[in-house]
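**Student:**
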Amino acid sequence: MKSLIKSDFRRVLKDKLFFVSLIIGVVLALITPIIYFVIFKFAGEEVETLLPGLITAKAQFFQSFSLNNNLGLIGPVLLSIIICKDFSFGTVRNKIIAGKTRNEIFFSMFTVTAVSLIVIMLVHAFTSLGCSLIFFDYQATPFVLADVWYFIESLLFEIIILLFIAALMSWLCASMKNVGLVIVLYVAITFVLIIIGSITQVALSIFEIDPEANQALVKVLTFFNRINVCNSAYYIGIVESYSIKDVLYIVLPPVIGAAGFLGLGMLKFRRKDLK
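Residue 2 is where the sequence shown starts when you use my numbering, and the numbers rise one by one after that.
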């Protein structure tokens, strides 16, 4: 298993698309804070005084993990192309001939996908943080010791969500016949989740005007809004601390979803006809 994972990592690191993904992540991370800074500079002194409350390095860092924009959409697509080359080039069949089991091959694919995705997103996020700190404060309030734990806790939540995305990608790569279908289905699934999240957000803002009259509906909408993984950007890195309820809403959906996709992926891969 270890030799298989090492071999898969070497293949990913040798692929130019992996470094293209890193370069895109760095460029996007540098451009966004600079654009914000320039916009506020030309907006006048009145707007500039509001800058600490509007844009912070902390917000830019955690927004970097958002699945709704920038690298959150591009990264998984490029990585899918790299992972699916294992099937299109017949490498998977060679692994089976070499005596590797399908379970080992699938979990090696998931491990490499997860680690590669996490590395790409972390490089993007920390570059964004470093660039943002040049122009903006880390947060509107003074930085205290409790903020260190909050930062670590939030970062762990983001990594759990990336594991969910890696499991989804592994299932798609193991199930589909070609990389084109993988990309189309991944984009379709994420867009559906994003659209549903946007609709529930708007509906909540409307019904919460009079929450007592729509109490049951608000509870239902809140539940579906919170379990939507693509809505994580609205809750991670935004507040100052997390309640137990927040942690459960953030952690359980991606963990359960990842377990489900891994189970489906392994089942499908066992039955897949490899040519």
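In this text, a Cβ means the ideal position worked out from N, Cα and C, and glycines have one as well.
#1: Of all the options Asn104, Asn95 and Ala99, which has the alpha carbon lying nearest to the alpha carbon of Arg271?
#2: Sort Asn232, Lys101, Asn70 and Leu23 by Cα distance to Leu5 and report the nearest one.
#3: Spatial neighbours of Leu222 within its chain, please: C-beta separation below 8 Å, excluding the five flanking residues on both sides.
#4: Considering Cα atoms alone, identify which of Leu14, Ser244 and Ile35 is closest to Glu154.
#5: Assign Tyr187 to one of three DSSP states: helix, strand, or coil.
#6: Below 8 Å on the Cβ atoms is my contact criterion, and I expect Ala255 with Ile197 to pass it. Report the Cβ-Cβ distance as a whole number of Å.
#7: Taking DSSP as the reference, what is the three-state secondary structure of Ser244?
#8: Helix, strand or coil, according to DSSP, for Ile237 in the structure here?
#9: Could you give the first and the last residue of the continuous alpha helix (DSSP H) run that contains Asn215?
#10: Terminal residues of the continuous alpha helix (DSSP H) containing Ala167?
#11: Taking Thr114 as the reference, give the member of Val28, Met177 and Ser81 with the closest Cα.
#12: Just checking my contact of Ile190 with Leu169 at CB under 8 Å: how many whole Å lie between their CB atoms?
**Tutor:** Taking the definition as stated:
#1: Taking the sequence shown and counting its residues from 1, the one referred to as residue 271 is at position 270. When only C-alpha atoms are compared, the closest one is Asn104.
#2: Counting from 1 along the sequence shown, the entry for residue 5 is found at position 4. For the residues Asn232, Lys101, Asn70 and Leu23, the minimum Cα distance to Leu5 belongs to Lys101.
#3: As a position in the sequence shown, residue 222 is number 221, starting the count at 1. Closer than 8 Å at Cβ, skipping near neighbours: Thr201, Ala204, Leu205 and Phe208.
#4: Against the sequence shown, residue 154 aligns to sequence position 153. That would be Ser244, whose Cα lies nearest to the Cα of Glu154.
#5: On the sequence shown, residue 187 is found 186 positions in, with the first residue counted as 1. Tyr187 sits in a helix when the DSSP states are folded into three classes.
#6: Translated into the one-based positions of the sequence shown, residue 255 becomes position 254. Translated into the one-based positions of the sequence shown, residue 197 becomes position 196. In the sequence as displayed, the identity of residue 255 is Pro instead of Ala. Not quite, the Cβ-Cβ distance comes to about 16 Å (not below 8 Å), so this is no contact.
#7: Taking the sequence shown and counting its residues from 1, one reaches residue 244 at position 243. For Ser244, the secondary structure class from DSSP, reduced to helix, strand or coil, is coil.
#8: Indexing the sequence shown from 1 puts residue 237 at position 236. It is coil, neither helix nor strand.
#9: Residue numbering aside, residue 215 sits at position 214 when the sequence shown is read from its first letter. Annotation for Asn215: no alpha helix (DSSP H) segment contains it, and DSSP assigns it neither H nor E.
#10: On the sequence shown, position 166 is the one that residue 167 refers to. That run of the alpha helix (DSSP H) goes Leu146 to Ser176.
#11: Counting from one through the sequence shown, the residue named residue 114 turns up at place 113. Of the candidates Val28, Met177 and Ser81, the residue whose Cα lies closest to the Cα of Thr114 is Ser81.
#12: Within the sequence shown, numbered from 1, the residue matching residue 190 stands at position 189. Within the sequence shown, numbered from 1, the residue matching residue 169 stands at position 168. 7 Å between Cβ atoms; contact.
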